[in-house]
Amino acid sequence: MISPTDISADLQEIAMKVKAGQRITDEECLLLFDKASLGFVGSLANEVRQQKNGEKVFFNRNFHIEPTNVCVFSCNFCSYSKLYAKRDEGWELSIDQMLHMVKKYDGQPITEVHIVGGVHPKMDLQFFADLLKAIKNHRPDLHIKAFTAVEYDYMFRKAKVSVAEGLKFLIDAGLNSIPGGGAEIFHPEIREKICADKVDADGWLLIHETAHQLGLHSNATMLYGHIEKPVHLVDHMRRLRELQDRTHGFNTFIPLKFRNKDNDMSHIPESTVVEDMKLYAIARIYLDNFPHLKAYWPMLGRQNAQLSLSFGVDDIDGTIDDTTKIYSMAGSEEQTPSMTTAELVTLIKQAKREPVERDTLYNEIRNYSGVEVNAELN
Ligand code: V47
Ligand code: SF4
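At position 287 of the sequence shown the residue is numbered 494 (my numbering), and the sequence of numbers has no breaks.
Given below as structure tokens:
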């Protein structure tokens, strides 16, 4: 136990606020980054997590479709995209090919498809509307979580429609929710160094706010562990917290650890596990209006995702089924990301928590706490 004399008065004050369910300020958040130990923020985050979600740890049964890795943008941290001029080295899937991927899961209890990719100038609003319709037509119950704000910004501008018009068009075609990608770091000082040419912070936030107003839920990410400083992380989370106060449309916050293989930022060392866990804990403490905090295991690695469950995390995404390339290409230890339900349940049980299968909107499908993990569990 930490004795009160071991920690400074300002940290003690923050701890009292958090325990009383009060919001911390940006200055207090910076103080946590600067002065607090991992144990200090970890135990506070654990309390916040417990108050919000009890002992439950959520996961879902999902797979990804990445329509293309050809991209008009050139984010320096990206290990995955191929510029349009080099498109021969990349991939571009047709609607039939993507529908074929969906059909592979016929008869399986998958609940979500996550569609995200590069920004290809020939894949336009109509193409994606046709894709959503084809998927919904084949499998109406499958939740479609699709396209980042970066992809929307480009496709709506190209189609000369407003954000609301574009989103409504895609909702009519079958869109159910929006993933959190493309947020990176909002602060212009960093954004212009790591992804200068894509949608800026205000554009990203406007797309999510409009989606929330139209009744969609979405997620929010933050790419950390490169050239940013705590002040940029706090700025990023403050913008999200303010938007969430207005709309309550975000489901989960997903910090994404920068991986440094084969990209233009490969000279930057990756963050340490202590830095990773501290970031999760501080995010859980600061983002008091986000119901969930997700550790995306294909990027963090399954062991560190398991560890993060003691630092505020209550969600570890899903089964994935080796359908995403973004992280393996960026150097994650998870080169073929796929976990069975039994593996996810075991991982959560080993951390002495309750595994709960959810749908995308966190409706509970099955609580596995009393279920024995055996060969029949799939
Ligand atoms: O925006 C790209 C990140 C994101 C690297 O909403 C990298 O449930 C680390 O947003 N190192 C796309 N990260 C993926 C994404 C996501 C993933 C899982 C779940 C959800 C959700 C959203 O991937 C990009 C970018 O921040 N990324 N390159 C890299 N080298
Ligand atoms: Fe394109 Fe996304 Fe890679 Fe940026 S992160 S280059 S927008 S695929």
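C-beta: ideal position from N, C-alpha, C; glycine also.
Between histidine 327 and proline 274, the C-beta gap is smaller than 9 Å, which places the two residues in contact. Nearest to glutamine 219 by alpha-carbon distance, out of Glu234, Phe247, Leu332, Ser539, is Phe247. Taking a contact to require three or more Cβ pairs closer than 8 Å, the region 480-491 and the region 233-250 qualify as touching. The alpha-carbon of lysine 329 is positioned some 19 Å away from that of valine 406. In this structure, lysine 556 lies away from isoleucine 523, with their beta-carbon atoms at least 9 Å apart.
Judged by DSSP in its simplified three-state form, asparagine 570 adopts coil rather than helix or strand. Approximately 25 Å separates the beta-carbon atoms of serine 286 and methionine 444; this is outside 8 Å, ruling out the contact. Taking one beta carbon from each stretch, the region 362-373 and the region 249-262 have fewer than 3 pairs nearer than 8 Å; the two do not touch.
The Cβ neighbour count for valine 481, taken over all protein chains shown within 10 Å, is under 16; the residue is labelled exposed. One Cα belongs to isoleucine 434, the other to histidine 474, and the distance between them is close to 11 Å. Approximately 7 Å separates the beta-carbon atoms of histidine 415 and glycine 456; this is inside 8 Å, confirming the contact. Residue list for the ligand SF4: Cys278, Phe280, Ser281, Cys282, Cys285, Tyr287, Ser288, Gly325, Val326, Val357, Cys402, Lys405 (CB closer than 6 Å to any heavy atom, chain order). Valine 357 is positioned such that its CB atom lies closer than 9 Å to that of glycine 388.
Going by C-alpha positions, methionine 429 is about 30 Å away from lysine 343. Considering only Asn467, Ser369, Gln258, Val255, the residue with the shortest C-alpha distance to glycine 410 is Ser369. The ligand V47 has no heavy atom closer than 8 Å to the beta-carbon of methionine 546. Between phenylalanine 280 and aspartate 404 the beta-carbon gap is near 5 Å, inside 8 Å, which marks them as a contact. Judged by DSSP in its simplified three-state form, aspartate 528 adopts coil rather than helix or strand. Closest in alpha carbon position to tyrosine 569, among Asn260, Ile214, Ile302, is Asn260.
Using a cutoff of 8 Å, the CB of asparagine 426 counts as near the ligand V47, since one of the ligand's heavy atoms is closer than that.
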